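Q:
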Amino acid sequence: MPITSGVDRLVVQGRDFYIKRDDLIDPLLSGNKYRKLYSLIDTPATRYRRLISYGGTQSNAMLSIAALCRQKGWLFDYTAKTVPAHLKASPSGNLRMALELGMQLHEVAPAAYQAAIEKLRSQSDPAMLLVPQGGADPMARFGIDMLAREIDAWRRSRRISSLYIVTPSGTGTTAYYLACALPELMVLTTPVVGDRGYLSAQMERLGAMPRNLRILESGRKHNFARPYPEFLDMWRELKEAGIEFDLIYGAAMWHVLLEQIDRIDGTILYVHSGGLSGNATMLERYRHKGFI
Ligand SMILES: *Cc1c(COP(=O)(O)O)cnc(C)c1O
0 MPITSGVDRL
10 VVQGRDFYIK
20 RDDLIDPLLS
30 GNKYRKLYSL
40 IDTPATRYRR
50 LISYGGTQSN
60 AMLSIAALCR
70 QKGWLFDYTA
80 KTVPAHLKAS
90 PSGNLRMALE
100 LGMQLHEVAP
110 AAYQAAIEKL
120 RSQSDPAMLL
130 VPQGGADPMA
140 RFGIDMLARE
150 IDAWRRSRRI
160 SSLYIVTPSG
170 TGTTAYYLAC
180 ALPELMVLTT
190 PVVGDRGYLS
200 AQMERLGAMP
210 RNLRILESGR
220 KHNFARPYPE
230 FLDMWRELKE
240 AGIEFDLIYG
250 AAMWHVLLEQ
260 IDRIDGTILY
270 VHSGGLSGNA
280 TMLERYRHKG
290 FI
């Protein structure tokens, strides 16, 4: 049985927001990773023997796939660029948890990384599945369509006609399929990994750009997963308001949303994308930088 999530109200800077609590689905397989991986959660354990993926060593997708493989009894091989010596000596955060869940980490030198990924892509073994970086795959559509149906049922029960759905983007897979599934509603997102051009290019790999998808960009440029005092302030404000978000995607999305809030007139439903498991290591970096 699929797990559904509830909707809570949150008041931020005197404004009302609704929050779709996908963060509460599961501590490890949380947020949009639960949705994106749902078709695999729903797959019989006997279908595969091994999953392989690749990307960053603090990735939320990596941890979610590790948790999924543990549940299913599947092996999990993960390719990443060479890990810094201090992290290898004492792995922290998502990496530590994923290794504890049985993930096999394969490090390759940065110069050899692309070739290594190409090699993974060229393998064909029916008992093995390659999950692209961040779960950016058409298989994500199944679970995101379920999320869209939950949102639409909630909207109808509340008789809300004009609804803005807000969620941050890495690969853009979640925002893209949400917009496809709900063509009469507006989906707002922000690029957290690259800029608008990068995000559009990622989305266009999935298909034509939906007309109801709008990309918001902050007035200030932010690099992926770096500490910024304004993100820390945003995160604290939200936490004090009553809900914890992640310091990378959630903080960036709320920051630009509140920057541009006066241009949005309608009810806002923020889809919590999870990712809280990474906050401890991010807070550590804020401390290291002297921001805390
Ligand atoms: C993975 C992730 C995202 C990005 O999702 P995409 O579908 O790749 O755009 C957003 N927020 C959190 C917390 C994530 O872990």
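The opening residue of the sequence shown carries number 0 in numbering that gives the first Met the number 0; numbering runs sequentially from there.
Here a beta-carbon is modelled for each residue, glycine too, at the ideal position from N, C-alpha and C.
Just so it is clear, the structure is predicted and the values come from calculations on it, not from any experiment.
1) For the alpha helix (DSSP H) that contains Phe244, what are its first and last residues?
2) Just checking Pro167 against ligand 3 - is the residue's beta carbon closer than 7 Å to any of the ligand's heavy atoms?
3) Any chance the CB of Asp245 is under 7 Å from a heavy atom of ligand 1?
4) Output yes or no for whether 8 Å exceeds the beta carbon distance between Thr135 and Tyr176.
5) How about Gly72 and Ala44: do their beta carbons lie closer than 8 Å?
6) Across the stretch 141-152 and the stretch 28-43, are there enough close Cβ pairs to call them in contact, namely three or more that are closer than 8 Å?
7) Excluding the 5 residues preceding and the 5 following Phe244 in the sequence, name in chain order all residues of the same chain whose CB lies nearer than 6 Å to its CB.
8) Cβ of Tyr248 versus every heavy atom of ligand 1: is any distance shorter than 7 Å?
9) Using the Cα positions of Gly133 and Ser217, report the straight-line distance between them to the nearest angstrom.
10) I'd like to check one pair, Ile18 with Val10: are the Cβ atoms closer than 8 Å?
11) Looking only at its own chain, which residues have a Cβ that is under 7 Å from the Cβ of Ala251, when we skip the five neighbours before and after it?
12) List, from N- to C-terminal side, the alpha helix (DSSP H) runs of 4 residues or more that fit wholly inside the stretch 109-186.
13) Return yes when at least one heavy atom of ligand 1 lies under 7 Å from the C-beta of Lys220, else no.
14) Pop quiz: Pro209 and Ala178 are said to be a contact at Cβ under 8 Å. What is the actual Cβ separation, rounded to whole angstroms?
15) May I ask you to verify whether the stretch 80-91 touches the stretch 148-158, counting CB pairs closer than 8 Å and requiring at least 3?
16) Report the option in Met127, Asp264 and Tyr112 whose CA atom is closest to the CA atom of Asp15.
17) Taking only heavy atoms of ligand 1 into account, decide whether any of them is closer than 7 Å to the Cβ of Ser272.
18) Evaluate contact between the stretch 48-59 and the stretch 192-203, counting only Cβ atoms and requiring at least three cross-stretch pairs below 8 Å.
19) Using C-beta distances below 6 Å, list every residue in its chain close to Gln201, excluding the 5 sequence neighbours before and after it, in chain order.
20) Tell me the DSSP secondary structure of Lys80 in three-state form.
21) Report the three-state DSSP secondary structure of Leu27 (helix, strand or coil).
22) Following a CB-centred definition, is Lys238 positioned closer than 7 Å to any heavy atom of ligand 1?
23) From Ala240, Val165, Arg219 and Ala126, pick the residue whose C-alpha is nearest to that of Asn211; which is it?
24) For Thr266, report the span of its beta strand (DSSP E) as first-last.
A: If we stick to the structure as given:
1) Note, Phe244: premise wrong, no alpha helix (DSSP H); not H, not E.
2) This structure does not include ligand 3; its bound ligands are ligand 1.
3) Yes; taking the cut-off as 7 Å, the Cβ of Asp245 has a heavy atom of ligand 1 nearer than that.
4) A small correction: the amino acid at residue 135 is Ala; Thr does not occupy that position in the sequence shown. Judged by beta-carbon spacing, Tyr176 lies beyond the 8 Å limit of Ala135, meaning their Cβ atoms are not closer than that value.
5) In contact: Gly72 and Ala44 (Cβ atoms closer than 8 Å).
6) The stretch 141-152, when compared against the stretch 28-43, does touch it at the 8 Å Cβ threshold.
7) Closer than 6 Å at the Cβ level, and outside the excluded window around Phe244, lie Leu237.
8) Yes; taking the cut-off as 7 Å, the Cβ of Tyr248 has a heavy atom of ligand 1 nearer than that.
9) Roughly 23 Å separates the two Cα atoms.
10) In this structure, Ile18 does not lie closer than 8 Å to Val10 by Cβ.
11) Close CB contacts of Ala251 within its chain, under the 7 Å cut and outside five residues either way in sequence, are with Pro167, Thr189, Val191, His221 and Phe230 (chain order).
12) Runs of the alpha helix (DSSP H) inside the stretch 109-186: 112-121, 140-156 and 172-180.
13) Not one heavy atom of ligand 1 sits closer than 7 Å to the Cβ of Lys220.
14) So it is a contact: roughly 4 Å between Cβ atoms.
15) With fewer than three CB-CB distances shorter than 8 Å, the stretch 80-91 does not count as touching the stretch 148-158.
16) Ranking Met127, Asp264 and Tyr112 by Cα distance to Asp15 puts Asp264 first.
17) Relative to ligand 1, the beta carbon of Ser272 is positioned inside 7 Å of a heavy atom.
18) Because the criterion of three Cβ pairs below 8 Å is not met, the stretch 48-59 and the stretch 192-203 do not touch.
19) Closer than 6 Å at Cβ, skipping near neighbours: Thr170 and Gly171.
20) Here Lys80 carries a strand assignment [DSSP, helix/strand/coil].
21) In the three-state reduction of the DSSP assignment, Leu27 falls in the coil class, being assigned neither a helical nor a strand state.
22) Because no heavy atom of ligand 1 lies under 7 Å away, the Cβ of Lys238 does not count as near it: no.
23) Considering only alpha carbons, the answer is Val165.
24) It spans Thr266 to Val270 - the beta strand (DSSP E) in which Thr266 sits, taken as one unbroken run.
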